[in-house]
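Working notes, beginning with the structure itself.
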Amino acid sequence: MSDFWDAASAIATTGATGVALWFGWHEVKMRRKEETDRQAAQARLVVSGIEGNRGKVVNHSSEPLLELRIIRADADIDGQTGVAVRDGGRGKVQVYGQPSPG
Numbered sequence: 004m005s006d007f008w009d010a011a012s013a014i015a016t017t018g019a020t021g022v023a024l025w026f027g028w029h030e031v032k033m034r035r036k037e038e039t040d041r042q043a044a045q046a047r048l049v050v051s052g053i054e055g056n057r058g059k060v061v062n063h064s065s066e067p068l069l070e071l072r073i074i075r076a077d078a079d080i081d082g083q084t085g086v087a088v089r090d091g092g093r094g095k096v097q098v099y100g101q102p103s104p105g
């Protein structure tokens with residue numbers, strides 16, 4: 004009978020360890036999602052535009068804009084040609100400028 008309880012104890016311990024590891028992994032995943040959502044919300048409050056050869060960036064958020072990258076000056080994304088801008092490498096790429104003559 005002792006062998007039965009030893010086996011049951013080992014199975015229960017293994018199961019409890021698996022559940023604890025899953026909860027830890029899930030918590031890390033949820034924190035990363037919350038941080039990504041927070042960064043995306045902040046990035047939506049940054050407005051940029053280009054007129055001719057001049058650019059302007061306005062930050063409507065309470066957080067400072069630490070990095071703004073112009074990733075291509077001759078971008079062609081989804082049929083739009085212009086300057087592609089990405090906020091800190093995390094926000095959505097936006098293309099500013101006139102569509103290329105077709």
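So in the numbering used here, the last one in the sequence shown is 105, and the numbering has no gaps at all. All C-beta atoms, glycine included, are put in the ideal place defined by N, C-alpha and C.
Proximity below 8 Å, CB of residue i to CB of residue j
| i | j | result |
| --- | --- | --- |
| V60 | L48 | no |
| E70 | Q45 | no |
Delimiting residues of the beta strand (DSSP E) encompassing residue i
| i | result |
| --- | --- |
| R57 | R57 to N62 |
Through-space distance from residue j to residue i, alpha-carbon basis
| i | j | result |
| --- | --- | --- |
| T16 | E37 | 32 Å |
| R34 | R41 | 10 Å |
| G58 | S51 | 7 Å |
| L24 | A11 | 20 Å |
| S2 | A19 | Outside the modelled stretch of the chain, which goes from 4 to 105, sits residue 2, for which no answer is possible. |
| F26 | I14 | 18 Å |
| T39 | K32 | 11 Å |
| H63 | R72 | 18 Å |
| W28 | G21 | 11 Å |
| W8 | A43 | 52 Å |
Boundaries of the alpha helix (DSSP H) in which residue i is found, first to last residue
| i | result |
| --- | --- |
| L24 | S5 to A46 |
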